[in-house]
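In what follows, a structure is listed as structure tokens, so that the remarks can point back to it.
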Amino acid sequence: MHSGKECVAMLLAGGEGKRLGILTRDKAKPALPFGGKYRIIDFTLSNCTNSGIDTVGVLTQYEPLILNSHLGNGSPWDLDRRKGGISLLPPFVRKKGGKWFKGTADAVYQNMNFLEQYNPSYVLIISGDHIYKMDYSMLLEYHQSKDADLTIAVIEVPWEEASRFGILDKNETGRITEFQEKPDIPKNNLASMGVYIFNFDMMKQFLFKDQNNIKSSNDFGKDVLPLMLKSNCRMFAYPFHGYWKDVGTTESLWQANIDLLENNPNLDLYEQHWPIYTVSTNQPPHYLGPEAKVEQSMISDGCTVFGEINHSILFPGVTVGHKTIVKDSIIMSNVIIGSGVKVEKAIIAENSSVGNNSRICRLDNVTEDIIVIREYSIIPHDSIINSTYTFKEIILRTGGKLK
Amino acid sequence: MHSGKECVAMLLAGGEGKRLGILTRDKAKPALPFGGKYRIIDFTLSNCTNSGIDTVGVLTQYEPLILNSHLGNGSPWDLDRRKGGISLLPPFVRKKGGKWFKGTADAVYQNMNFLEQYNPSYVLIISGDHIYKMDYSMLLEYHQSKDADLTIAVIEVPWEEASRFGILDKNETGRITEFQEKPDIPKNNLASMGVYIFNFDMMKQFLFKDQNNIKSSNDFGKDVLPLMLKSNCRMFAYPFHGYWKDVGTTESLWQANIDLLENNPNLDLYEQHWPIYTVSTNQPPHYLGPEAKVEQSMISDGCTVFGEINHSILFPGVTVGHKTIVKDSIIMSNVIIGSGVKVEKAIIAENSSVGNNSRICRLDNVTEDIIVIREYSIIPHDSIINSTYTFKEIILRTGGKLK
Amino acid sequence: MRDVMGVININIRDDVLDELTFSRCISSVHFGGHYRLIDFILSSMVNSGIQHAAVFTLQKYRSLVDHLGTGKEWDLNLNSKDEGLSVLHPNLFHSLKYFQGDLQNFYSNMDFFKRSRQKNVLIAGSNMVCNLDFRELVDFHRRSKADITFLYRENDPLLDVSLWRRRLVIGEDGRILSLEPSEKGVDSKQVLLEIFVMSKTLLIDLVENCVINGTGDLLHDGIIKNSNSLKLFAFPAKGYLGVINSPALYYKHSMNLLNPSIRKELFSQPGLIYTKDKDLPPTKYMRSAEVTGSLLASGCSIEGRVENSILFRETRVEKGAYIKDSIILPKCQIAEGAQIEHAIIGKGVSISMRKEIKGRKDNLSVIADRTIM
Amino acid sequence: MRDVMGVININIRDDVLDELTFSRCISSVHFGGHYRLIDFILSSMVNSGIQHAAVFTLQKYRSLVDHLGTGKEWDLNLNSKDEGLSVLHPNLFHSLKYFQGDLQNFYSNMDFFKRSRQKNVLIAGSNMVCNLDFRELVDFHRRSKADITFLYRENDPLLDVSLWRRRLVIGEDGRILSLEPSEKGVDSKQVLLEIFVMSKTLLIDLVENCVINGTGDLLHDGIIKNSNSLKLFAFPAKGYLGVINSPALYYKHSMNLLNPSIRKELFSQPGLIYTKDKDLPPTKYMRSAEVTGSLLASGCSIEGRVENSILFRETRVEKGAYIKDSIILPKCQIAEGAQIEHAIIGKGVSISMRKEIKGRKDNLSVIADRTIM
């Protein structure tokens, strides 16, 4: 209103997602496909839309091309605004050159001009790596009611995973009394979700201080938050109880997708009051052929299925041939699977094709690994694949075998 | 349609405009105010809109902040599209760092991914530095009718200025037979306007060749065009006869503005079929007070004038006090001029204020220089200014004098 | 304000503005040099943080729909995700010959109200010249736990109080203590405005509980008739306010804009007034121009004399023409030597050489759109 | 194609589709799992490079206006700078009780046509299932220097030729040699479609020269009556084409989509068919689902059996329910054990447990929107 926006979001979307291997070779982690038609970043963007936040700066860095074209003018999220909307904020090149952001706090600091332009009262910091549904307007209300300088959304995590997170302690009013980034021996299991609301003035003050400290890694969790706590800022914890997932590995990406096939999954994509928006594919409804058999699965627009789909997810535009069996697998957009194929416990990335009578499944049933086929792979007829397929484009003679 | 766009424009908007001095200290030349309410880049962008080109990549580099916020989501130019529209293309930072584009051809080459995504048949290269009205669809038709690989829009320039331009010669069919970038002794006065239409395939081929030449400065005029001519490409010249201006210096910026005050100026902003679009200021109509006197001038929305305006241009939101005289001057947006002031042959840049009873004019009437007041200047009451005012923000005691 | 939906209502017949509403509804009447009336209430809503505005149309709404476009000038996306701008068309099964009150308009859009996410509605007429901050009103409404809270105005000589014919008594806490009918018009110094806030549930109840016979309006038949069973409160309106329901008031509030302090109050506080941008160059003054005490929009070309007047966009005033105390709507041609005084000149009018159009202050000359004289 | 304006016309009465058009106009009838009829002709225009499409509304257009929104799904900005999407509302001064031909619709929007930048108009009905490339038609029209060029169709058994009642003879160069009335319907194997191109000047002439009495239509009263003085040409239409003017044809063309080659032809060549995105998750199949030979849109939840059918979005099919040879419009609930055969089930219908709805192939069972059975 008036001269400024009440709350502007800064969405950190530069994550490499190294442990996701070949799936993040050509795209940042927030651009990873998820849930039958979405990309991971759709969840945080839809949270913004559904929470009434209409100004989002997206900080990109690692492999931003797919992300850029996915975000476009922001219209799927109703973020095609005249004032505000989505702004892509890649690292900036000055005459003398440019470099990547040092840490999360540096990324925001480097874009202070962007924030100043809106002069918000509050800044919401979120990460495009996480899958969850959260009403940030409730978080903001909590922040205001506590008269806080900074509010951190927190969630209880399993004790054994606690050392992967920023762990904090609070008193009975919710005020944070302790904060440790990735402690070796966590004192409790209350973890920061990496979702912060700052008073803009306070944030500026501490980002400047942090930049002046040449020893700092300029990271919110490692540097800025501990500094603020030491300076006796009013920091509060906002407890969150819903589904929240940081899919760090191929296994957890597979599991989080497959979990959606439960009858009442923890993450409910079908809630009318909290839709998840994404880019439209403009494809017709999906078609199941006369001999198709589909059970415990999710199928998207533009798919054509003649075979059998069991406990699997098909993204838009997938074709599955006659007498093919797809089981416990995630098939991403526009994959073409021929006839007589067997796919089991695999992730086949976008735009790949699998020739007739191929087998993509573990030979032994002992290992728990997921087979991953990289995007744009071309798998010839009669191939047998039982390990991760990393070639971008390959043409083997028919009957070739990859180990 | 189908899979690609017919023609995509690449708009070079990274120009520093060094000879424009303090006016381009904080913004790229295409962002310079012009014509009472526009910025220079509005002319090329409006040309695109009026020519039916709906996909424009804007290559920014030098001081892009004002340009970025001016372009916004592209809606003033009807370029807020789902597919296409305006895309800002700053130099890109990879993990190992980033640097500025080497030359104009390098700038386009570095954004080949952007072009590939639309896979256009033709690429239009234009510069955001120039003021002109041109129907690019006619240029494209000419290009197609000649079955050309490259068409260059050309204009006759005064002989004495010819060595500032790319000068070319053509045969009676329009085919280009010679091309020299900024020749010391020009053979004729037919100059390239820096407006090119390439067949995309041909452009790719020659940009790759040019990149492989380590001695190249990767510039269209200096390197790519001569190389194509040498390779016997079908290059044609499209003659343009209207108004075309590259305002290189403070003097020429002033003159080009003042020229608009003629009864029938060469550049007609009032033509209904070729509107120039810009960002709306959302200001009320302008108001002329009971004792105001306005002659041979242009006044924009949001101005309030109590004094006398003679042969001058007022941008939006300017206030001019009682008994003040503004003559032969350009007053940019939101400037506040107090009472009893005299301003003559000056450019006062955005958001400056001039205190009561100040004088901004040459003492001698011999020199032809323009007095330039930098944006956000604060000029105290009773100041006398007769040279270029370069301080960003200064508070002098009342009655101070700047030489 | 996210849970408040702004509703711009049609609460009076278009024909109160005579020629000005001949080819457009009252919401889209030109005002103030480059605005339409609806811009003021719609900008007020947007500036107050309302993110969902619904605009009723009824008759002659083509220019209104065209003006609103996709809503982007107000940063409201038409038909966006449960927010932005919604245009509510009337139900065409009903007869549209005469305006029969707004209840049928609400009733035929009940689905829309039920479906929308907001919990409260702020309903306002479309004929208000204002720049109001509704946040205080909504805060007050919440704190007072009212069923309905009205804005009211104190001691405003320009308000036409006859509309209400009610005797208003407001208690110290803002509660409306009495709202008795009064045959002779109202002698109270406080006048309720047709701007009020209530919960969406109450709105739905009021509309559905009225006997729907195609006539009647929300204010009189829905609220006032039930005023004994409702907790009604009133909150004072601040800032400049004009309610335009006659050509005389249209002229009066227009000419008020020539007062710098009123202009400042109306156009900048608490936010800007947004309108559709017509992409026009600045107005150009030629050597012979003589313009004083006037408000001029963009794209005009002035060679003549203009005094104490308002010129909308793209008007051409030739040498020797003289315009005084008048309002000239867009795209007029005023030829050499023409004289215009105390007049409202419609859109696209051509006044030929040496023609004289002279009204009086108490009897304005109003020329219909596109007239050639 | 920049100088061609696409015009989507209303050329038949809505009631030809019975229950399907009870609460919406024919342009916005659901078709093909997640489209509305207008999507096909509008996408054809956009895919052919037309940058300005004008859509007429007449009655019951609320769902149409809502569907078109800001036009962004077709990459046409509503009310944009002389291009994009224009919605042309009827003149409300006229009576709207009955559809009296399209001439009055054109006539009351003459200003719009005169003002627009394009030099030619391509006029098409809104009830066509197609994915046409109009570039060849426009090229042919230009080369043949025709006044008006129609698309025509040869040997198409699904086209209802009775509409024309004309005997058509086309010369080798494509010129229409004869268009004589024929009382008993048409025995010609060539049928003109209500898709034609002409210059805007000719359109304006034709409309303005017709006696405007509030009735009559452009095709019969404007063009055919003047066919002796006009150079009429015809150009063959390629690709799948359905003209929907009866419930039987609606069903026939719907079920044709279960044929993979027709689907491929219609949905991908020469461009995609665009529609409003409803932001729904994929359809979920439970353990007991048995679905074969069917087309399903997003957001459904399937536990039962579906055979040779089309399901629109957000329908829930419970365990043991059985749907065969049917079309289920959006948001239906089909409870346990219900049996549906040869039926068209309207939007938002609830079918209770073990209910049987069985039509026959030649006598479909059509259930109106929002019915609870």
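Chains as they are written, first to last, in the numbering used here: chain A, 1 to 403; chain B, 404 to 806; chain C, 807 to 1179; chain D, 1180 to 1552.
Beta carbons: idealized from backbone N, C-alpha and C, even for Gly.
If you're wondering where the values come from, they're calculated on a predicted model, not measured in any experiment.
query, result
"Residues from the region 438-463 of chain B in contact with chain D, defined by Cβ distance under 7 Å", "T452, G455"
"G1401/D to D1326/D span [Cα, whole Å]", "13 Å"
"Integer Cβ distance of C1204/D from L1237/D, believed to fall under 8 Å", "7 Å"
"M701/B - partner residues in DSSP beta bridges", "I716/B, K1090/C"
"Contacts around V294/A, its chain only, beta-carbon distance under 7 Å, and the 5 residues preceding and following it disregarded", "L288, V305, I309"
"Contact with chain B by E393/A, beta-carbon distance below 8 Å", "The pLDDT assigned to E393/A is 38, lower than 50, so where the model puts this residue is not dependable; a value taken from the coordinates is nonetheless given after this. E393/A does not count as touching chain B."
"Closer than 8 Å to chain D by CB, T955/C", "no"
"H286/A - partner residues in DSSP beta bridges", "L1475/D"
"Residue interval of the beta strand (DSSP E) (run including H533/B)", "533-535"
"8 Å Cβ cutoff met for M202/A and A153/A", "no"
"K1006/C, DSSP secondary structure in three states", "helix"
"Cut-off 6 Å between Cβ atoms - residues of its own chain near D509/B, not counting five sequence neighbours on either side", "N621"
"Contact list for L884/C against chain D, beta-carbon separation under 9 Å", "G1248, T1249, L1257"
"Residue range of the unbroken beta strand (DSSP E) whose run includes K327/A", "325-327"
"For G35/A and L261/A, the rounded distance between their alpha carbons", "10 Å"
"Within chain D, the residues that D872/C reaches when beta carbons sit closer than 7 Å", "N1258"
"Three-state class that DSSP yields for K1239/D in the structure shown", "coil"
"Chain D contact residues for H895/C, given Cβ-Cβ distances below 8 Å", "Y1240, R1241, V1244"
"Neighbouring residues, chain A, relative to K1463/D (Cβ below 7 Å)", "M298"
"Unbroken beta strand (DSSP E) run spanning F1041/C, endpoints", "1038-1042"
"Opening and closing residue of the alpha helix (DSSP H) in which S145/A lies", "136-145"
"Coarse secondary structure for H1399/D, derived from DSSP in three states", "helix"
"Proximity test, Cβ basis, 8 Å: G15/A and chain B", "no"
"Chain D residues whose Cβ lies nearer than 9 Å to that of S540/B", "R1181"
"Boundaries of the beta strand (DSSP E) in which M193/A is found, first to last residue", "190-199"
"Interface flag, Q1369/D vs chain B, CB-CB below 8 Å", "no"
"Below-8 Å beta-carbon distance, H286/A vs any chain D residue", "yes"
"For L1316/D, the first and last residue of its enclosing alpha helix (DSSP H)", "1313-1323"
"Beta carbon proximity, A256/A to chain D, threshold 8 Å", "no"
"Spatial distance of N1388/D from D939/C (CA atoms)", "54 Å"
"Short CB-CB distance (under 8 Å) between P290/A and chain D", "yes"
"is_contact[V935/C, chain B] using C-beta, thresh 8 Å", "no"
"CA-to-CA distance, Y270/A to L1420/D, given in whole angstroms", "35 Å"
"Closest residue to D169/A among Y376/A, P239/A, S121/A, I66/A (Cα-Cα distance)", "P239/A"
"Under 7 Å from the C-beta of P275/A: neighbouring residues of chain D", "D1458"
"Test: G97/A CB closer than 8 Å to a CB of chain B", "yes"
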